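Enquirer: This is the structure, below, for whatever I ask next.
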């Protein structure tokens, strides 16, 4: 397939369709609404399910129901809407049904605004809902990556029977870029639904989808099972990209849109003769702590750039384990930093790299 | 949980000797062998049994997917011998919507109490009915929160004492009970909305007929169906089981009149 000029929100919705997504439940919210609109047009023409729910609370519980029935299902939303979904996300985690969710973050807290932000890193990456669980969280920096990660999310969700959240921001949802969509995968037949799914107890014992373990000892056994699954995810699913890190003395760490901006600033710095590199985590959970640790051992200083008040920087510091100083530069409230601003931060940090 | 052991519906012995002994009371196949945790005198057990009998009689057990609520019947999935989901508090209609939309050949029902359906899940039930969601809802109204120990429900009667309205429900402070059949029957998507009671044999029989109709509505794809069942909670009402049934008759029925609030013409015929 050839590259097309695609808007982020439309691109991930179409990618999900091609990954075999059979049902979409959502609620309009800027800046992700084009995804819902794309689903509204496309799903019925393919004979699949689209439903605009009465709220994000209902949408995620519809997703929960459809996932319990064993189909590939997703929703998408933006920050305030995802906050409303947290109850359902926790239940989904507690009953181990596979679900894909795309969060196109916007400025907050509260109603905030509709501009791009990364202010929900802690909420999404650390769990967000109640109880001990971690969703797989993937952070794209380009429309192509948004397509690829959304596609892959459906496989990961089923492989680990977990929720996978694609965490992007309003700029990625709204921007248009040339990108290539994957080929259309066939939708699973009813007879091919997983053996644990609710399909009617026809010739077998009943299946139960539940997140309740009333005996604390049984709940702990389940918690341990989730922890074991997390270990596997941490061992198998870490993703990151690096740029110019071989001889770098200053290493930038940034994800998603901030990573993209940092990349421009790093190139600018290289042109100015500064030995600067970029580490861009793609999987925010599992976070590539070991790679950050290893990279920190080869540089003199690090600088984390985020579109928030400093959230991922805590994970970076956990990875660095004090080997080198870790600085932070962030813009908040929906303000997107310019490459020149980041460049200025690089210059300052580079100057003090021996300090 | 599911032992697969079934008692024969009718057992006949010594027929030739003209001494016929019939087993007329057997556990429905749609119930498991698990004993319920419900309090003595609680009508949940009756409601469970009626649903199970209807499902048996319709021969749909292997097609049915139930959605359990949060409340006393949170463990309903342990007692029904069929596929079941356990929803978040109030979200059963949304979860049932998700299931039904991707599995239209299955028959999906929710089992919800008054706190679950009429309070925290008011939006979900209203919109499921408004959409004409092709699901069956069994609504247990006992005018109190049972599982959390007897707090005021959206259906608690004016003046009724609960642990969170210790002086009786003061309508100046807490407002009035929600009458869900009256509300939902206004919606075009609602195909079958009736209120029945479990306080005596006659009404139990009527309740069963209504449950049958509510599943028939779904089987025929006519839209949203709900059967509200006035139920007892002796433990939290602080009344003995027998007087609880009288309390339903004397106090609940005047506030929540029994009857057919909406019947789809295809069912009426």
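Chains as they are written, first to last, in this note's numbering: chain A, 1 to 355; chain B, 356 to 624.
Glycine included, C-beta positions come from ideal geometry on N, C-alpha and C.
Quick caveat, the model's predicted, so the values are computed rather than measured.
Using the three-state DSSP reduction, which class does residue 375 of chain B fall into: helix, strand or coil?
Expert: DSSP places residue 375 of chain B in coil when its eight states are reduced to three.
Enquirer: Quick one: give me the first and last residue of the alpha helix (DSSP H) that residue 496 of chain B is part of.
Expert: Careful: residue 496 of chain B lies outside any alpha helix (DSSP H), inside the beta strand (DSSP E) at 491-496.
Enquirer: Run through the DSSP bridge pairs and tell me what residue 241 of chain A is partnered with.
Expert: Note: residue 241 of chain A sits in a beta bridge opposite A/280.
Enquirer: Thinking just about the alpha-carbon of each residue, which of A/83, A/319, A/57, A/98 is nearest to the one in residue 68 of chain A?
Expert: Of A/83, A/319, A/57, A/98, the residue nearest in Cα terms is A/98.
Enquirer: Shorter than 8 angstroms from the beta carbon of residue 63 of chain A to some beta carbon of chain B?
Expert: Taking Cβ atoms only, chain B reaches closer than 8 angstroms to residue 63 of chain A, which makes this a yes.
Enquirer: Between A/31, A/145, A/220, which has its C-alpha nearest residue 241 of chain A's C-alpha?
Expert: Ranking A/31, A/145, A/220 by Cα distance to residue 241 of chain A puts A/145 first.
Enquirer: Is the separation between the beta-carbon of residue 32 of chain A and that of residue 77 of chain A shorter than 8 angstroms?
Expert: Yes, the pair counts as a contact, with Cβ atoms nearer than the cut-off.
Enquirer: What's the C-alpha gap between residue 247 of chain A and residue 18 of chain A?
Expert: Those two C-alpha atoms are separated by around 41 angstroms.
Enquirer: Can you find a CB in chain B that lies within less than 8 angstroms of the CB of residue 210 of chain A?
Expert: Interface residue, yes.
Enquirer: Which residues, in chain order, does the segment 206-230 of chain A contribute to contact with chain B at a C-beta distance below 9 angstroms?
Expert: Result list: 206, 207, 208, 209, 210, 211, 212, 214.
Enquirer: Using DSSP with H/G/I as helix, E/B as strand and the rest coil, what is residue 604 of chain B?
Expert: Helix at residue 604 of chain B.
Enquirer: I want to see whether chain B comes within less than 8 angstroms of residue 51 of chain A, judged by CB atoms only; does it?
Expert: True, the Cβ-Cβ gap to chain B drops below 8 angstroms.
Enquirer: Between residue 426 of chain B and chain A, is any beta-carbon pair separated by less than 8 angstroms?
Expert: Cβ-Cβ to chain A under 8 angstroms: no for residue 426 of chain B.
Enquirer: List, in chain order, every chain A residue whose beta-carbon is nearer than 8 angstroms to that of residue 418 of chain B.
Expert: By Cβ distance, chain A contributes 200, 202.
Enquirer: Just the C-alpha distance for residue 4 of chain A and residue 123 of chain A, rounded to the nearest angstrom, thanks.
Expert: Going from the Cα of residue 4 of chain A to the Cα of residue 123 of chain A covers about 33 angstroms.
Enquirer: By a C-beta neighbour count over all protein chains shown, 10 Å radius and 16 as the cutoff for buried, is residue 576 of chain B buried or exposed?
Expert: Counting Cβ neighbours within 10 Å, residue 576 of chain B comes out exposed, since fewer than 16 surround it.
Enquirer: In the DSSP assignment, find the unbroken alpha helix (DSSP H) run with residue 627 of chain B in it and report its ends.
Expert: No statement about residue 627 of chain B is possible, as the shown extent of chain B runs from 356 to 624 and does not include it.
Enquirer: Buried or exposed for residue 573 of chain B, please, with buried defined as at least 16 other CB atoms from any protein chain shown within 10 angstroms of its CB.
Expert: Residue 573 of chain B is buried by the Cβ-count criterion.
Enquirer: Can you give, in chain order, each stretch of the beta strand (DSSP E) that sits fully within the segment 177-208 of chain A and has at least 3 residues?
Expert: None, since the segment 177-208 of chain A contains no complete beta strand (DSSP E) of that length.
Enquirer: Kindly indicate if chain B contains any beta-carbon less than 8 angstroms away from that of residue 161 of chain A.
Expert: It does not; no Cβ of chain B falls within 8 angstroms.
Enquirer: Beta carbons nearer than 9 angstroms to chain A: which residues of the segment 428-443 of chain B have them?
Expert: Residues 429, 430, 432, 433, 435, 436, 437, 438, 439, 440, 441, 442, 443.
Enquirer: Under 8 angstroms, with one C-beta from each stretch per pair, do the segment 489-499 of chain B and the segment 585-605 of chain B reach the 3-pair mark?
Expert: Yes, the segment 489-499 of chain B touches the segment 585-605 of chain B.
Enquirer: Between which residues of its own chain and residue 506 of chain B is the CB-CB distance below 6 angstroms, once the five residues before and five after are set aside?
Expert: Counting only Cβ-Cβ distances below 6 angstroms, and skipping sequence neighbours, we find 500, 517, 518, 519.
Enquirer: Can you list, in chain order, the residues of its chain with a C-beta nearer than 6 angstroms to that of residue 260 of chain A? Leave out the 5 residues immediately preceding and following it.
Expert: Once the five neighbours on either side are set aside, the close Cβ partners of residue 260 of chain A are 141.
Enquirer: Please report the distance separating the alpha-carbon of residue 28 of chain A from that of residue 510 of chain B.
Expert: Rounded to the nearest angstrom, the two C-alpha atoms are 33 angstroms apart.
Enquirer: Answer yes or no: does any C-beta atom of chain A fall closer than 8 angstroms to that of residue 495 of chain B?
Expert: No, its Cβ sits nowhere closer than 8 angstroms to a Cβ of chain A.
Enquirer: In chain order, what residues of the same chain lie with their CB nearer than 6 angstroms to the CB of residue 177 of chain A, ignoring the 5 residues before and after it?
Expert: So the qualifying residues of the chain are 143.
Enquirer: Less than 8 angstroms separating the beta-carbons of residue 25 of chain A and residue 75 of chain A?
Expert: Yes, Cβ-Cβ distance for residue 25 of chain A and residue 75 of chain A is below 8 angstroms.
Enquirer: Taking 8 angstroms as the threshold, find out whether the segment 534-550 of chain B comes into contact with the segment 443-450 of chain B through three or more Cβ pairs.
Expert: As far as the Cβ criterion goes, the segment 534-550 of chain B does not touch the segment 443-450 of chain B, which means the pair count is below three.
Enquirer: Report the option in B/529, B/465, B/478 whose CA atom is closest to the CA atom of residue 403 of chain B.
Expert: The option with the nearest alpha carbon to residue 403 of chain B is B/465.
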